[in-house]
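If you're matching positions, the sequence shown starts at 906 in my numbering and goes up one per residue.
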Amino acid sequence: MPPARKQPSSESAEHDASVPATALRLTDDVRPGDVVVRLPRGGLNNSLAELDQQLDIAFCLEPRALVLDLSEIGRMSSTTVAELLWARQRCSRRGVEVHLWNPTRQCREALERIGLVGRLDMRSR
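This is the structure in structure tokens:
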């Protein structure tokens, strides 16, 4: 029998000293087997290394799907687009689905303009 899957919580990563305060936060599951990663308001400013670190943490939880919460992203920068595509690529290699959760109007419009709406699964509340 496989070991029980560890369930993330909003407090577990926020209080973990190994996770930088500016990093993405793991939050409660949307569906059993999904892990939600919330992108901070300004996206990731330093580099894709922050996203890599958070994806590594999420993959330890063996998710069926990674849900990227875009609810705090206003302006969609090229760095944020790169983050989304990088996450999709890493998840694809592991057979993990990627869903964009609750994108703002500005975020959705930017993704439409650059032709990613049909390539990325978007869900709203």
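Yeah, the Cβ is synthetic: ideal placement off N, Cα and C, and Gly gets one too.
Every value quoted in this text rests on a predicted model; they were computed, and no experiment measured them.
- In the three-state DSSP reduction, residue 967 falls in the coil class, being neither helix nor strand.
- As computed with DSSP, residue 1027 is found in a beta bridge with 1005.
- Beta-bridge annotation (DSSP): residue 973 is paired with 942, 1005.
- Residue 1018: member of the alpha helix (DSSP H) spanning 1010-1018, first to last residue.
- It is roughly 21 Å from the alpha-carbon of residue 977 to the alpha-carbon of residue 1024.
- Contact annotation, residue 942 with residue 989: C-beta distance approximately 11 Å; criterion of less than 8 Å not satisfied.
- Under the criterion of beta carbons closer than 8 Å, residue 1027 and residue 1005 qualify as touching, at roughly 5 Å.
- The C-beta distance from residue 973 to residue 944 rounds to 6 Å, short enough to fall under 8 Å.
- Secondary structure of residue 962 (DSSP, three-state): helix.
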